[in-house]
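What follows is a set of notes on a single structure, which appears directly below.
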Amino acid sequence: MENIREILFFLFAFVMMGASFGVILHKNPVKSALFLVVFFVSLASLYGVLGAEFLAVLQVLVYVGAIMVLFLFVIMLIAVRDENFENIGANKGKTMVVFLLVLAFTMQFAALASVLSSDDKINTKTEYSKTIDSAQNLTIEGNAEVLSFHLFEKYILPFELISIVLLIGVIGAVVIAKKNRRRLE
Amino acid sequence: MNGAEIPVSYVIVLTLLLFSIGMLGVLTRKNIIVIFMSVEIMLNSVNLLFVAFSRFWNDLSGEMAVFFVMAIAAAEAAIGLALVISLHRKFHTVDITEIKELKN
């Protein structure tokens, strides 16, 4: 099969479209969350199709493993009922805003496509490689290896800052979600 | 030229459509948790664009950006859901049309 990646791309693209429509159209938030799991898994597969294997693994671990569990936990904790939302398209103003934004994006895409039209293929077979030490002819290959080299070389300061942000996030979530005892007494 | 190629314009159109669907969800739904999920859809469609262009230009900075966006999204989800819990504790609803304390 020559163009197996293209077939897989279309397959996962359609699954993603369907799943995202399921998220925004389903009345029951638990089922919306399960559609979102399908969305995230097919997005991870799409990362794999495009050749970013490390990010595909990370997407499944972070989004499906951590964020969606949190979502489902909160939905079931507060026992949400079926929602009675307005029909999409009933509100003319909002539909108009979305339509105009899609139009603006499409025009931007057309401008971009005219720039890229000469050669706009993503070559998914391009191998990752980086020469660490040209004197000793030391080269690393593979997505995870090169990505981690970048992470700890060029992006070490943002990496450390991210860990502080996550710590603040954990403490902030506990402080916000815990019961205010003083007010209850 | 081998067959393992995907035009970057396909990915742009796909992310465009997904972003629009997410925006439609944010504008039309009333349940704050579903609005939050729609925001996640928009965030992830932009991530996909980052990966596509990173592969297109053969530059790893885009994939690093996605890495950092994922870490921030994890923190943001924790904070946002904590806010939803405290909102539910105070108002006993997650319907944004019923929460209007500032109105009067």
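Respectively, the protein sequence lines represent chains A and B.
The C-terminal residue of the first sequence carries number 185 in the numbering used here, and the numbering is unbroken.
The C-terminal residue of the second sequence carries number 289 in the numbering used here, and the numbering is unbroken.
We treat Cβ as the ideally placed atom computed from N, Cα and C, and that holds for glycine.
Predicted model only: the values in this text are computed from it and were never measured.
CA-CA distance, residue i and residue j?
i: VAL170 of chain A; j: ALA263 of chain B; result: 7 Å
i: ILE7 of chain A; j: ASN28 of chain A; result: 32 Å
i: VAL23 of chain A; j: SER194 of chain B; result: 25 Å
i: PHE221 of chain B; j: VAL196 of chain B; result: 24 Å
i: LEU166 of chain A; j: PHE253 of chain B; result: 11 Å
i: LEU161 of chain A; j: GLU225 of chain B; result: 22 Å
i: VAL174 of chain A; j: SER129 of chain A; result: 42 Å
i: GLU248 of chain B; j: LYS154 of chain A; result: 13 Å
i: ILE163 of chain A; j: VAL251 of chain B; result: The residue asked about is misnamed: residue 163 of chain A is Ser in this sequence, not Ile. Their Cα atoms are separated by approximately 16 Å.
i: ILE156 of chain A; j: VAL146 of chain A; result: 14 Å
i: LYS285 of chain B; j: ILE217 of chain B; result: 14 Å
i: ILE270 of chain B; j: VAL74 of chain A; result: 7 Å
i: GLU283 of chain B; j: LEU199 of chain B; result: 35 Å
i: LYS179 of chain A; j: PHE21 of chain A; result: 36 Å
i: TYR63 of chain A; j: LEU103 of chain A; result: 30 Å
i: ILE176 of chain A; j: SER45 of chain A; result: 35 Å
i: GLY188 of chain B; j: GLY51 of chain A; result: The pLDDT assigned to GLY188 of chain B is 49, lower than 50, so where the model puts this residue is not dependable, and the model offers no usable value.
Mind listing the chain B neighbours of residue i? Cutoff is C-beta to C-beta under 8 Å, in chain order.
i: LYS31 of chain A; result: Result: empty, since nearest Cβ-Cβ is about 11 Å, beyond 8 Å.
i: ALA173 of chain A; result: ALA263, ILE264, LEU266 and ALA267
Residues in the same chain with beta-carbon distance under 7 Å from residue i, minus the five sequence neighbours each way, listed in chain order, please.
i: MET107 of chain A; result: none
i: LEU209 of chain B; result: none
i: ALA259 of chain B; result: none
Could you check if residue i is buried or exposed, using at least 16 other CB atoms within 10 Å of its CB as the buried criterion?
i: ARG274 of chain B; result: exposed
i: PHE14 of chain A; result: exposed
i: MET76 of chain A; result: exposed
i: MET255 of chain B; result: buried
i: SER148 of chain A; result: exposed
i: LEU287 of chain B; result: exposed
i: MET96 of chain A; result: exposed
i: GLY93 of chain A; result: exposed
i: PHE292 of chain B; result: Outside the modelled stretch of chain B, which goes from 186 to 289, sits residue 292 of chain B, for which no answer is possible.
i: PHE152 of chain A; result: exposed
i: LEU266 of chain B; result: buried
i: ALA110 of chain A; result: exposed
Give every residue of the same chain whose Cβ lies closer than 8 Å to the Cβ of residue i, excluding the five residues on either side of it in the sequence, and list them in chain order.
i: MET186 of chain B; result: Residue confidence for MET186 of chain B is low, a pLDDT of 40 falling below 50, so the modelled location carries little weight and cannot support an answer.
i: LEU203 of chain B; result: ILE226, MET227, ASN229, SER230 and LEU233
Between which residues of its own chain and residue i is the CB-CB distance below 6 Å, once the five residues before and five after are set aside?
i: ARG214 of chain B; result: ILE220
i: GLY48 of chain A; result: ALA56
i: ALA144 of chain A; result: PHE54
i: PHE276 of chain B; result: ILE284
i: ILE281 of chain B; result: LYS215 and ILE217
In chain B, which residues lie less than 7 Å from residue i when you measure between Cβ atoms?
i: SER42 of chain A; result: The contacting residues do not exist; SER42 of chain A stays about 11 Å from chain B at best.
i: ALA66 of chain A; result: ALA259
i: LEU72 of chain A; result: Here the premise fails: no neighbours, minimum Cβ distance about 10 Å.
i: PHE21 of chain A; result: ILE206
If the cut is a Cβ gap below 7 Å, which residues of chain A does residue i touch?
i: LEU202 of chain B; result: MET17
i: LEU268 of chain B; result: ILE176
i: VAL251 of chain B; result: LEU55
Identify the contact partners of residue i in chain B, using a Cβ-Cβ distance below 9 Å as the criterion.
i: VAL170 of chain A; result: ALA260 and ALA263
Should the stretch 30-37 of chain A be called in touch with the stretch 233-247 of chain B, which here means at least 3 C-beta pairs below 8 Å?
no
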